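Residue numbers (the numbering used here): 123 to 1397.
Cβ atoms here follow ideal geometry from the backbone N, Cα and C, with glycine treated the same way.
Just so it is clear, the structure is predicted and the values come from calculations on it, not from any experiment.
Data first, discussion second: the structure below is written as structure tokens.
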């Protein structure tokens, strides 16, 4: 045992400040001591390496090692193979001294080369410790720290289970994320995701059997999950016993792992719980022993049955799982030998029918007792009177309920489905050969056998000891650096007392997008523009591919990318970098000493960059261009010798280049012009002195003026997740926290104002994460942006920009109507303005009194909603004292009944003041004044229409001609069962082409939904009302569902595939069967999937933007999209009417006169169709066009055809008070829209008592406090 080898004397003799240890045995190959870990290679740099897991492409990797890398592998261990791949990647740098960037690149290359499950740690001589985890996160790995014994610095620990950290006095436990690499040196801790996003699928068998109950894996308490397994198994046992007409006298666990579940099962069934077996703690786990005869023999050594608990009883034995059946058969025989009447076995796990290929020693399929057998045949094989298995859905639910954001577990031993792919019958046959007992039996020593290390396995430890470690630390002199940059040998990262951490552990997952805040987010650290997205590669300033001319100076600091920087003050000094790809970014520093550089691309001057800033900042994006054709390009940067008047010197520096490697397709444009606001230093990363070459030229797709036309022009700078038109000249674009190219105050921006005329953007300040927020305008024109999520991504630290949690946020954007938007910004203060409860994926709707109704959402995020995260309430802004709520949320049963697929519910304010709501497959009319629900017929054919099976919907035009009778149209979505686990859903499953339409009158409701079919199936589409009364449906996917990183067959990270590139027009006035048309409609070449938007603009054209099915900016397929497209209907190319003299406000029922200039053809004709459309263009996000509305107003034309008399809408029910747009439509041709306020322009009523009560009864960012308490209890 470990404790026998590493006693206190042995540990005391160890020398140094860092080390790696490993406790395991092999699941493939030999058990010879030569394969014990850690492994070591001398070249390059001296690397020690340990690995937990198993690779599935070893054959091709061995060929690569032999034929290409020319490295000899001495053993059959895939751990040695991994080590040599890592070493080979480092050696390719050709450097005498490597840096962190080289290591990140090497690990990223490894993750591209290997397939399988792996949690790895490596010690690089004189440099530090490296740890990384496979992109699927199958095998666990975590890290923790404590204050060093010497009193300065910290000790650091990596291990597989959190109990190691607890025992060693370590704290601040964090997980190493899937695809992430961590580097710890004496001076820094660096973390980076280096692999393309993949399905996160931790191994569920860790919870069933391997992990200690006092551990926490991926934010889930193993103990609590096993309690839940017991509760779920109890229900299945009760069902089966009733079905078989059998009874049980006593519940007895098979020690030790099943005890927790057995106790809960007994309590649930109201049966006595007894300890019937006494365990010999000096015999290890039997199913991992290397011979069948040994396993059988050692069961009797390990357990002794107490006859007192068995004689004459019907015994229910509870075990964690049944693998070979060897242990179970012997235990059952022991129970019957001491007098048990009947023995029923209940397994906490489903039948294990398939091999585990990811590092847990599941034997040959043909050795598994459940393989090819029914439950009755399994019972017969092990000698039980009955066997009852946990169902897989119940097992998954038992674990997942404690962290609903984990939507996929590796359940391959139950299903035979392997998340990495690449596992076929041939592979399994070879794996079974390697694992066969007769192979392992060759290495037996005595009766116990050799169980030394091998990276192919995943079983750890014996006798309940802490198992499977890869703990590490670092210290000592650094590779290639000296103490002149502050790296002192006295800084110890791990000292001797933590050596027992060489044994095991797991980690508490804190995934960014499931409602958790990134670990360390309260500690100030840089959230800089520098970022290397998937599909890009970084080149440090000292890369041999970067060539310098003139005099340059090297600088070294941990604040620089790769800890190196090159700078010059000399005019005409230049740097040249040739690369292959579709995009290039230059990163450097800005401050008062910096001057102006000239940037050339492929020999052509494209931009002058002013690096002056009043505030000094590191790792800033100085220049970017993502619009290059795939191929070889050269960027040249020349110090011009010029500077701005306020600059004191002419410094230009190079920190790094990032290349977008790209594919041969049109890339997003890079030449949006940030609108400078205030002093230049406020937007140093924009750095524009002279307008560069305009690479964002309009790209017309159709030049026939009688046809629709499509052009691509402009860039949003931040991904357009949310979009609203705020004035005749600007739209607001809102994203989540991520590494967008637009910057503000030295960090990436996640909101901006987009100029509709000049295509420039101005970044906005946002204090909290607006990830998947909702929004609406109020009655006075103020835009509210509501909800969101905590900070996302391990590269962002909340303390850098404000640590406000977005879940309760209400962000205010006051009306900003002028072309000059310098003083326009978002306001946010959670202590004064907030919601009463956390909400993510909520819908916000302006209602008849001009206030906002905030509907539903999730309390802490995740992918699909469920009962544990659901927020089945509504609340109002400003808060109302209504139905006894006194400003607090009001329960809505509809939002309980519509689980699971009910996020971003569809909502419309009806012309009688009530609210239409649709969620999942259901719909209702809600009377908010009486708090009553009227359920409507279910949407036909099982189609679900809200997130993540997102359809799109519109309230059809309201007209006085039919007394404003409302009618709704809902199109697209998916019929995928929302109770299916994500790993069973494919991105290739078809979306729905169904459109459902209902008149919301008594007769219409009685008639029910009228169904028609779009030309193409779509999910995540956008439906845009046109002033003509027609609708445009654009964007979306033909298969899959919303979100990213959840389902199988992901494209990049997207849960959806097969983008629909061609819009479709819908005319509600035509007969059914004739309403859809695509004649003359252009097709885009830009996929618009999850997080894409479209809206009508004041010009009456359509703005299309966004698409980002990724956690952070990505440059792989279906990457982050910044390009803007403009779809122009045919009426944009003909003579159009114009209107002047539109008043700023129009009251309800008020008659106003406006001047109109009609097209020449209309002046000479009689009986022209003249309409005035009053439109709310809505707040657009996630296929929801909240508050979108078209009301035709009563109007008359003067005899001289120069004056229109317009009557305002009759009341706030027909058109809720607030901003709108007036379009005059003559014979189907609309004018440009005129901005107008409907109503008195005053804000909605404010109930001060309700507001005060909300603030007193709720906490600001209460989810953060609640989460902290939950973590204390569960982790």
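Whole-angstrom C-beta distance between residue 864 and residue 840, which should lie under 8 Å: Translated into the one-based positions of the chain shown, residue 840 becomes position 718. Translated into the one-based positions of the chain shown, residue 864 becomes position 742. At roughly 5 Å, the Cβ-Cβ gap stays under 8 Å, so residue 840 and residue 864 are in contact.
Distance, residue 377 Cα to residue 340 Cα: On the chain shown, residue 340 is found 218 positions in, with the first residue counted as 1. On the chain shown, residue 377 is found 255 positions in, with the first residue counted as 1. In a straight line, the C-alpha of residue 340 is about 25 Å away from that of residue 377.
Residue 141 classed as buried or exposed, judged by whether at least 16 other C-beta atoms fall within 10 angstroms: For the purposes of this step, residue 141 is taken as residue 19 along the chain shown, with counting starting at 1. With 16 or more other Cβ atoms within 10 Å, it is buried.
Own chain partners of residue 1132 with C-beta closer than 8 Å, once the 5 adjacent residues on each side are dropped: As a first step, residue 1132 must be located in the chain shown, where it is residue number 1010. Closer than 8 Å at the Cβ level, and outside the excluded window around residue 1132, lie 1118, 1119, 1120 and 1194.
Assigned exposure category for residue 498 - 16 Cβ within 10 Å defines buried: Indexing the chain shown from 1 puts residue 498 at position 376. Exposed, since its Cβ has fewer than 16 Cβ neighbours within 10 Å.
Cβ-Cβ separation, residue 900 to residue 1340 (assumed contact under 8 Å), whole Å: Here residue 1340 corresponds to residue number 1218 of the chain shown, with the count starting at 1. Here residue 900 corresponds to residue number 778 of the chain shown, with the count starting at 1. About 6 Å separates the two Cβ atoms, so the contact holds.
Distance, residue 172 Cα to residue 197 Cα: Residue 197 sits at position 75 when you count from the first residue of the chain shown. Residue 172 sits at position 50 when you count from the first residue of the chain shown. Looking at the two C-alpha atoms, the distance is approximately 14 Å.
Proximity winner among 232, 1159, 996 and 755, relative to residue 318 (alpha-carbon distances): Numbered from 1 along the chain shown, position 196 holds the residue referred to as residue 318. The option with the nearest alpha carbon to residue 318 is 232.
C-beta atoms of residue 908 and residue 957 nearer than 9 Å: Here residue 908 is taken as the residue at index 786 of the chain shown, counted from 1. Here residue 957 is taken as the residue at index 835 of the chain shown, counted from 1. Inclusion of residue 908 and residue 957 in the CB contact set at 9 Å is warranted, their separation being smaller than that value.
Burial state of residue 1128, where buried means 16 or more other Cβ atoms lie within 10 Å: Residue mapping note: residue 1128 aligns to position 1006 of the chain shown, counting from 1. It is exposed - the Cβ of residue 1128 has fewer than 16 other Cβ atoms within 10 Å.
Distance, residue 1252 Cα to residue 677 Cα: Within the chain shown, residue 677 is the residue found at index 555, counting from 1. Within the chain shown, residue 1252 is the residue found at index 1130, counting from 1. C-alpha of residue 677 to C-alpha of residue 1252: approximately 59 Å in a straight line.
Where residue 201 sits in the DSSP three-state scheme: In the chain shown, counting from the first residue as 1, residue 201 sits at position 79. Residue 201 falls in the helix class under three-state DSSP.
Whole-angstrom distance between residue 1262 and residue 1159, CA atom to CA atom: Locating residue 1159 in the chain shown gives position 1037, counting from the first residue. Locating residue 1262 in the chain shown gives position 1140, counting from the first residue. The alpha-carbon atoms of residue 1159 and residue 1262 are separated by roughly 41 Å.
Exposure of residue 707, with buried meaning 16 or more beta-carbon neighbours within 10 Å: Counting from one through the chain shown, the residue named residue 707 turns up at place 585. With 16 or more other Cβ atoms within 10 Å, it is buried.
Completely contained beta strand (DSSP E) runs for the segment 1324 to 1396, where each covers 3 or more residues: Those beta strand (DSSP E) runs which fall completely within the segment 1324 to 1396 and span 3+ residues are 1325 to 1329, 1340 to 1348 and 1356 to 1360.
Beta-carbon separation (whole angstroms), residue 1358 vs residue 1326, contact threshold 8 Å: The residue you call residue 1358 lines up with position 1236 of the chain shown. The residue you call residue 1326 lines up with position 1204 of the chain shown. The Cβ separation is near 13 Å, so there is no contact.
Residue 1088 burial status per 10 Å Cβ neighbour count (16 or more: buried): In the chain shown, residue 1088 corresponds to position 966, counting from 1. The residue in question, residue 1088, is buried, as its Cβ has 16 or more Cβ neighbours within 10 Å.
Integer-rounded CB distance, given that residue 748 should sit under 8 Å from residue 661: By one-based count along the chain shown, residue 661 stands at place 539. By one-based count along the chain shown, residue 748 stands at place 626. Wrong, their Cβ atoms sit about 17 Å apart, outside the cutoff.
Residue 426 versus 453, 446 and 435, residue with shortest Cα-Cα distance: Taking the chain shown and counting its residues from 1, the one referred to as residue 426 is at position 304. 453 is the residue among 453, 446 and 435 whose C-alpha sits nearest the C-alpha of residue 426.
Proximity below 9 Å, CB of residue 1162 to CB of residue 1110: Residue 1162 sits at position 1040 when you count from the first residue of the chain shown. Residue 1110 sits at position 988 when you count from the first residue of the chain shown. Result yes, Cβ atoms of residue 1162 and residue 1110 sit closer than 9 Å.
Identity of the residue in 157, 362 and 199 nearest residue 177 by Cα: In the chain shown, residue 177 corresponds to position 55, counting from 1. Among 157, 362 and 199, the Cα nearest to that of residue 177 is on 199.
Check whether residue 1259 and residue 1351 have beta carbons under 9 Å apart: Within the chain shown, residue 1259 is the residue found at index 1137, counting from 1. Within the chain shown, residue 1351 is the residue found at index 1229, counting from 1. Yes, the pair counts as a contact, with Cβ atoms nearer than the cut-off.
Three CB pairs or more closer than 8 Å across the segment 1366 to 1381 and the segment 934 to 946: At 8 Å Cβ cutoff, the stretches do not touch.
Residues near residue 1318 in its chain [Cβ-Cβ closer than 8 Å; skip 5 each side]: Locating residue 1318 in the chain shown gives position 1196, counting from the first residue. Annotation for residue 1318: 1326 and 1327 place their beta carbon closer than 8 Å to its own, counting only its chain and skipping 5 residues before and after.
For residue 876, the residue or residues it bridges with in DSSP: Here residue 876 is taken as the residue at index 754 of the chain shown, counted from 1. Looking at the DSSP assignment, residue 876 forms a beta bridge with 853 and 883.
Segment contact flag, the segment 366 to 375 with the segment 395 to 403, C-beta cutoff 8 Å, min 3 pairs: Three or more beta-carbon pairs separated by less than 8 Å link the segment 366 to 375 to the segment 395 to 403, which places the two stretches in contact.
Residue 364 burial status per 10 Å Cβ neighbour count (16 or more: buried): Within the chain shown, residue 364 is the residue found at index 242, counting from 1. The residue in question, residue 364, is exposed, as its Cβ has fewer than 16 Cβ neighbours within 10 Å.
CB of residue 1269 within 9 Å of CB of residue 1361, strictly: Counted from its first residue, the chain shown places residue 1269 at position 1147. Counted from its first residue, the chain shown places residue 1361 at position 1239. Cβ distance < 9 Å, so residue 1269 and residue 1361 count as in contact.
Residue 1039 versus 1074, 1009, 1064 and 1008, residue with shortest Cα-Cα distance: By one-based count along the chain shown, residue 1039 stands at place 917. It is 1074 whose Cα lies nearest to the Cα of residue 1039.
Where residue 774 sits in the DSSP three-state scheme: Indexing the chain shown from 1 puts residue 774 at position 652. Assignment of residue 774 by DSSP, reduced to helix, strand and coil, places it in the strand class.
Among 530, 1247, 771 and 306, the one whose alpha carbon lies nearest that of residue 832: As a position in the chain shown, residue 832 is number 710, starting the count at 1. Minimum Cα distance to residue 832 is reached at 1247.
Three-state secondary structure (DSSP) of residue 185: As a working note, residue 185 is residue 63 in the chain shown. Reduced to three states, the DSSP call for residue 185 is helix.
CA-to-CA distance, residue 963 to residue 268, given in whole angstroms: Along the chain shown, one-based indexing puts residue 268 at 146. Along the chain shown, one-based indexing puts residue 963 at 841. Counting only the Cα atoms, residue 963 lies some 38 Å from residue 268.
Host beta strand (DSSP E) of residue 386 (start-end): As a working mapping, residue 386 is identified with position 264 in the chain shown. Counting along the chain, residue 386 falls outside any beta strand (DSSP E), though it belongs to the alpha helix (DSSP H) covering 381 to 391.
Local conformation of residue 513 per DSSP, three classes: To locate residue 513, count along the chain shown from 1; it is residue 391. Coil, per DSSP.
Spatial distance of residue 668 from residue 758 (CA atoms): On the chain shown, residue 668 is found 546 positions in, with the first residue counted as 1. On the chain shown, residue 758 is found 636 positions in, with the first residue counted as 1. If I take the Cα positions, the gap works out to 10 Å.
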